[in-house]
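Numbering (our numbering), first residue to last: 4 to 225.
We put the CB at the ideal spot given by N, CA and C, even for glycine.
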Amino acid sequence: MNRPQKGIEYIKSQEERSLKNVDAKISKRKEKERKKAISEGKLDPFALLGDFVFYGDSRVLHYYSYGFLDSTRVFANNGETFANTSKYNDRLKELKPKRVIMSYGVNDIYYKVGEDEKGGYPQVVRDALEEIHSIVPKATIYVCGMIPISPYGLQRLKMTENSGEFNAILKGITEEYDYVKYIDDETLSVDGLADIYAEDGYHFQSDFYPTWTQYLVSCMDN
């Protein structure tokens, strides 16, 4: 390769780097402005979710029971796991959202989902993601990491803490698909010691939901 060509490639690489730096700065500024607007009551974090549906278990169901989200957008119920997503196929076809958010974990671990199936739990997740994509191929699917259960909640459920291992599996699966993005929201719990939990130790207090939503939106924008 001659020197002029190398020079052109170098210039292009620097331009691309500059654009990425600019995008990162703009995103950071937007997030700062958004946080300020939300804290001042000028902006509703739930409105920022856009055209979405939210799959999940009872943790997600409380988005509706606490009055934060409309029931039509919440695809969740008590005890549900990644193995239950097909039951919402008709509603998904009707709404055709641009964003599909998914948050499971507690029941998946508790019930040992996929243990007796070929491919195990990872295949259960893949099947769910691929089926959703076949219905709404233009949507981006966001898979949230499991927010850990508090030590008290683990004791009540007679479970051991393994959210890190579970989330590593989820993250690895999401990287297999270009239409799926992983949201690492595990740190919101501060290892299960944050003041976000309801009395049972694994559901969340109502005032955590705006914080969770704001974090989700910020991750979607980046």
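Those residues which DSSP pairs with M105 across a bridge: Paired residues: Y58 and V146.
Extent of the continuous alpha helix (DSSP H) run through F211: In the DSSP assignment, F211 falls within the unbroken alpha helix (DSSP H) covering F211 to D224.
Extent of the continuous beta strand (DSSP E) to which I186 belongs: V183 to I186
Delimiting residues of the beta strand (DSSP E) encompassing V193: From DSSP, V193 is part of no beta strand (DSSP E); its letter is neither H nor E.
Buried or exposed (CB count within 10 angstroms, at least 16 for buried), D60: Counting Cβ neighbours within 10 Å, D60 comes out buried, since at least 16 surround it.
Buried versus exposed, by CB contacts within 10 Å (16 or more), R62: buried
Best match in V116, I144, Q217 and I172 for proximity to G288 [C-alpha to C-alpha]: Outside the shown range of the chain (4 to 225) lies residue 288, about which nothing can therefore be said.
Check whether Y69 and Y212 have beta carbons under 8 angstroms apart: yes
Segment contact, 8 angstroms Cβ cut-off, at least three pairs: the stretch 148 to 166 with the stretch 195 to 208: Short answer: they touch.
Y180 versus F49: straight-line alpha-carbon distance, rounded: 27 angstroms
Helix, strand or coil at Q208 [DSSP, three-state]: coil
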